[in-house]
Amino acid sequence: MSVNGDVGFDSVADAVEAFAQGEFVVVLDSPHRENEGDLICAAQDFTPAKAAFMIRYTSGYLCAPILPALAARLELPQMVGQNTDPNRTAYTITIDAADGVTTGISAQDRSWTCRMLADPKAQRDMFRRPGHVVPLQAREGGVRARAGHTEAAIDFCKMAGKEPVGVIAELVSDGEDVAGKAEMEGGFGMMKRDE
Numbered sequence: 033m034s035v036n037g038d039v040g041f042d043s044v045a046d047a048v049e050a051f052a053q054g055e056f057v058v059v060l061d062s063p064h065r066e067n068e069g070d071l072i073c074a075a076q077d078f079t080p081a082k083a084a085f086m087i088r089y090t091s092g093y094l095c096a097p098i099l100p101a102l103a104a105r106l107e108l109p110q111m112v113g114q115n116t117d118p119n120r121t122a123y124t125i126t127i128d129a130a131d132g133v134t135t136g137i138s139a140q141d142r143s144w145t146c147r148m149l150a151d152p153k154a155q156r157d158m159f160r161r162p163g164h165v166v167p168l169q170a171r172e173g174g175v176r177a178r179a180g181h182t183e184a185a186i187d188f189c190k191m192a193g194k195e196p197v198g199v200i201a202e203l204v205s206d207g208e209d210v211a212g213k214a215e216m217e218g219g220f221g222m223m224k225r226d227e
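To convert, take the position in the sequence shown, counting from 1, and add 32; that gives my numbering.
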């Protein structure tokens, strides 16, 4: 990929294959929506090294897309009662794993919290509130129901045969600006969310 605007996109099949192997993918959405790229990983594959990479090369604001059934089982209510986010991103209250973490902010702690979310036996008492990971409740129906990175992460998990819990963060170009198409670089599988 180049930074002169001539960015190549991978096929959905190639991106899913990379994701299934535990790799990051970048999903770029429409210029008419957020016009941003998100780095996406399956939560079950989210090692401390991957967390450190994601924290360094993104906004560092790590979100974990989950399905409504998991949000209900873990008793994760919406962060606010009146969501005024223009894209209606369904932020829940923040969490940390209850055991196996220190303060919750380190790459190791956040990776552990995300992997705990992907545990099929996850229960409410396995997490403390508030924390340093932001679960996002995806809409049932994936990107066809809501064209967001949250739903794209869940769709990738399902297509790759992973537990339907992802980790996403917005790519940034210099630590301040959200990276657009011309600023994407790295060796990740990359595709447009609209595909």
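Quick reminder that beta carbons are idealized off the backbone N, C-alpha and C, glycines included.
Shortest alpha-carbon distance to residue i belongs to which of the options?
i    : options                : result
A184 : Q53, C95, L108, R88    : C95
D42  : V59, A84, R147, W144   : V59
P162 : G198, L108, C189, S143 : L108
G54  : V175, G92, I72, I98    : I72
For the beta strand (DSSP E) containing residue i, name the first residue and the last one.
i    : result
V58  : 57-60
P97  : 95-98
V199 : 198-202
State buried or exposed for residue i, treating a residue as buried only when at least 16 other CB atoms are found within 10 Å of its CB.
i    : result
T90  : buried
T134 : exposed
L203 : buried
E172 : exposed
V57  : buried
N36  : Any answer about N36 is weak, because its pLDDT of 37 lies below 50 and its placement is not dependable; what the coordinates show is given next. With fewer than 16 Cβ atoms within 10 Å of its Cβ, N36 is classed as exposed.
Can you check whether the CB of residue j is closer than 8 Å to the CB of residue i?
i    : j    : result
A154 : L106 : yes
H164 : I137 : yes
P97  : V197 : yes
D70  : A201 : yes
A122 : F159 : no
V166 : F78  : no
V48  : A192 : yes
A83  : A139 : yes
Go to residue i, then tell me how far its alpha helix (DSSP H) extends in each direction, as first and last residue.
i   : result
D77 : Taken as a continuous stretch (DSSP letters only), D77 belongs to no alpha helix (DSSP H), as it is neither H nor E.
P46 : The sequence given here places Asp at residue 46; Pro does not occur at that position. Looking at the DSSP string, the run of the alpha helix (DSSP H) that includes D46 is 44-52.
Legend entry - beta strand (DSSP E) segments (min. 3 residues) lying fully within the region 117-188: 127-129, 159-169
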